[in-house]
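Step one of this worksheet: look at the structure below.
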Amino acid sequence: MLYSTKTPAAKRLALREMLTPGAARQFPGAFNPLSAKLISEKQFDGIYISGAVLANDLGLPDIGLTSLTEVATRAGQIARMSDLPAIVDADTGFGEPMNVARTIQELEYAGLAGCHIEDQFNPKRCGHLDGKNVVDTDTMLKRIAAAADARIDQNFLIMARTDIRAVEGLESAIDRAKAMVDAGADAIFPEAMKNVAEFEAVCNAVDVPVLANMTEFGKSELFNRQQLADAGVALIIYPVTLLRSAMGAAERVLDAISEDGTQQREVDNMLTRSRLYELVDYEAYNRFDTGIFNFQVPTLDIDSNSANL
Ligand SMILES: C[C@](O)(C(=O)O)[C@H](CC(=O)O)C(=O)O
Ligand SMILES: [Mg+2]
2 MLYSTKTPAA
12 KRLALREMLT
22 PGAARQFPGA
32 FNPLSAKLIS
42 EKQFDGIYIS
52 GAVLANDLGL
62 PDIGLTSLTE
72 VATRAGQIAR
82 MSDLPAIVDA
92 DTGFGEPMNV
102 ARTIQELEYA
112 GLAGCHIEDQ
122 FNPKRCGHLD
132 GKNVVDTDTM
142 LKRIAAAADA
152 RIDQNFLIMA
162 RTDIRAVEGL
172 ESAIDRAKAM
182 VDAGADAIFP
192 EAMKNVAEFE
202 AVCNAVDVPV
212 LANMTEFGKS
222 ELFNRQQLAD
232 AGVALIIYPV
242 TLLRSAMGAA
252 ERVLDAISED
262 GTQQREVDNM
272 LTRSRLYELV
282 DYEAYNRFDT
292 GIFNFQVPTL
302 DIDSNSANL
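Numbered per this note's numbering, the sequence shown finishes at 310, counting up by one with no gaps.
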């Protein structure tokens, strides 16, 4: 009932322990708290909270328009729904190093297990689009050092993302990854790798966990878990997959209603009422109420003029 009973500290520890090289832990992206429940029920390793999804959910493009407050609030609502550790996309950290420091503490207090901070310029772009740009190494290292210094719980995972691969090539990505680890990054997110060999090269170059972003319609092919495990990847995200699937289904049912005058042809694809109730644990709330309101209604003894209470 209600939320996770596991503390953020326990989730952070669990995250640290699961991220070994080649473990290829799978973190699907939750687009709302309910989908985080579904991910937990399906026994995935953790929850990813995508910046693109949070922006798109507000009807906005993923170009750094969302605020720290919006991201921390929504990510907290998603994270508390699950016993699994949740990692959130903190974009460029929402400003200068001092803002990055505040970002880390806000996300810790929101119950997240970790976040990633990237080296893009503002306004940022999706990592799989052309025309993005990155800040110089020194600026990025200041972001990471500020993040690492600001953290209260040493197990809160600070992952550094570099988008430099698409701008300057793999060698620069590896150099930057190493420098970011030296500056205090606990894990590396090399964005827009072209093939498995590139993931493997990054994994071999650093001795911290490496993430693979398996976003659809992007620059990386959709490698499977085994391929990424063999390359040494510790963590795989599927950031926008559930939002894309849910919105695809929504579009199909809207077309059915307008074309057929009824949603009938799509009903079999829907989550049933009972399955939805099961997901929100309706039964547990009923049991709770029954436990509280289990008294008998008192009878009134009108003749003696005294209530039999
Ligand atoms: C991982 C990512 O940063 C996100 O916000 O989910 C995006 C995903 C996407 O746009 O497909 C990214 O820049 O790769
Ligand atoms: Mg993002």
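Even glycine gets a Cβ: it sits at the ideal position worked out from N, Cα and C.
For residue i, which residues in the same chain have their Cβ closer than 6 Å to its Cβ, ignoring the five residues on either side in sequence?
i	result
Asp84	Ser5, Lys7
Ala230	Gly23, Ala25
Ile258	Gln264
Ala102	Ala147, Ala151
Gly47	Phe28, Leu85, Pro86
Asp131	none
Thr291	none
Ser41	Ser83, Leu85
Ala15	Pro86
Arg17	Asn156
Ala80	Ala87, Gly112, Leu113
Tell me the DSSP bridge mates of residue i?
i	result
Thr163	Pro191
Pro29	Tyr239
Gly115	Ile88, Leu158
Gln1	Residue 1 falls outside the range modelled here, since the chain spans only 2 to 310, and no answer is possible.
Ile50	Val89
Leu212	Leu236
Gln121	Val135
Ignore the nearest five residues each way along the sequence and tell me which others in residue i's own chain have a CB closer than 7 Å to its CB.
i	result
Phe32	Val54, Asp58, Leu243, Leu244, Ala247
Met2	Asp282, Ala285, Tyr286, Phe289
Asn100	Gly94
Ser275	none
Ser307	Its pLDDT being 48, under 50, Ser307 is placed unreliably in this model, and the value from its coordinates should be taken loosely. Contacts found: none.
Leu66	Ala56
Ala73	Glu107, Leu108, Ala111
Ile293	none
Considering only the beta carbon of each residue, do residue i and residue j sit closer than 7 Å?
i	j	result
Val211	Ala250	no
Ala87	Ile50	yes
Ala148	Ile189	no
Leu280	Lys38	yes
Pro124	Ile64	yes
Glu199	Leu223	no
Glu201	Ala232	yes
Tyr239	Gly52	no
Val168	Val136	no
Met271	Ile237	no
Val197	Gln227	no
Take residue i and list the residues in its own chain whose beta-carbon comes closer than 8 Å to its own, dropping the five residues that flank it on each side.
i	result
Ala76	Ile50, Leu55, Ala87, Val89, Leu108, Ala111, Leu113
Arg13	Pro86, Ala114, Gly115, Asp154, Asn156, Phe157, Leu158
Asn295	none
Hey, which residues come within less than 7 Å of ligand 1, measuring from Cβ to any heavy atom, in chain order?
-> Of all residues, those with a beta-carbon under 7 Å from at least one heavy atom of ligand 1 are Gly30, Ser51, Gly52, Ala53, Val54, Asp63, Asp90, Cys127, Gly128, His129, Glu192, Asn214, Thr216, Gly219, Ile238, Pro240, Val241, reported in chain order.
Stretch pair the region 138-157 + the region 182-189: three plus CB contacts closer than 8 Å | Judged by Cβ distances under 8 Å, the region 138-157 makes contact with the region 182-189, as three or more pairs qualify.
Three or more C-beta pairs closer than 8 Å, one from the region 195-210 and one from the region 115-127: is that the case here?
-> Not touching, per the Cβ criterion.
At a cut of 8 Å, does the region 215-230 reach the region 150-165 through at least three beta carbon pairs?
-> For the pair of segments examined, the region 215-230 was found not to touch the region 150-165: the number of CB pairs separated by less than 8 Å stays below three.
Touching by the beta-carbon criterion (3+ pairs, under 8 Å), the region 189-203 and the region 161-168 | Under the Cβ criterion (8 Å, minimum of three pairs), the region 189-203 counts as touching the region 161-168.
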